[in-house]
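Student: Residue numbers (the working numbering): 22 to 170. One structure follows; several queries about it will come next.
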Amino acid sequence: QALSSDAFIAAAQNNLVLLVGFTTICLVLGLFLAILLDHGIRFSEKFQTVYLLPMSLSFVVTAQLWLWMFNVESGILNLVVTTLGFNPVDWLGNPSIALGAVILALIWQFSGYTMVVYLAGLQSIPDDQFEAARVDGASITRTYLRIIV
């Protein structure tokens, strides 16, 4: 009887959206950032350090930080929204927005880990394979799709 209740079905749907949304965005963002860092963008060491910083914070600290940012009256996100001339948003109190806010906070904390895992994998691929693809005339997109993915 509990498994067929509306509350259970809504919770299961929210969990599924959270799982798919968080996982997909985190994996794609991590791969994109790892590819950028693998190409040796400027300040890549500093960027990597800053991007990994959220991973070193505890869940309690991260939750409190995002709770302050999402605060209706004094949160930094609503400060930006009101500065742009819009009404403040109840980020965590509005059911249509709350799930997206939670996904955003999770992505902020965990996409750095995904980036590091992808970057380690990218750096373990021998340069010979990339050079062979360049000699064959493959574009960067095709090279990454064929060699990495």
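Even for Gly, the Cβ is constructed at its ideal location relative to N, Cα and C.
Confirm the yes/no value for this check: CB of GLU94, any heavy atom of the ligand ZN, distance under 6 Å.
Tutor: Within the structure as shown, the ligand ZN is missing, as the structure has no ligands at all.
Student: Note the first and the last residue of the continuous alpha helix (DSSP H) segment covering GLY42.
Tutor: 27-59
Student: For a quick check, are the C-beta atoms of CYS47 and ILE169 less than 7 Å apart?
Tutor: Cβ distance not < 7 Å, so CYS47 and ILE169 don't count as in contact.
Student: Helix, strand or coil, according to DSSP, for ASN99 in the structure here?
Tutor: helix
Student: To test your reading of the DSSP string, which unbroken alpha helix (DSSP H) runs of 4 or more residues are found completely within the stretch 88-139?
Tutor: 97-104
Student: In the structure shown, what three-state DSSP assignment does ILE161 receive?
Tutor: helix
Student: Where does TRP89 land, buried or exposed, given buried means 16+ other C-beta within 10 angstroms?
Tutor: Exposed, by the Cβ-count rule.
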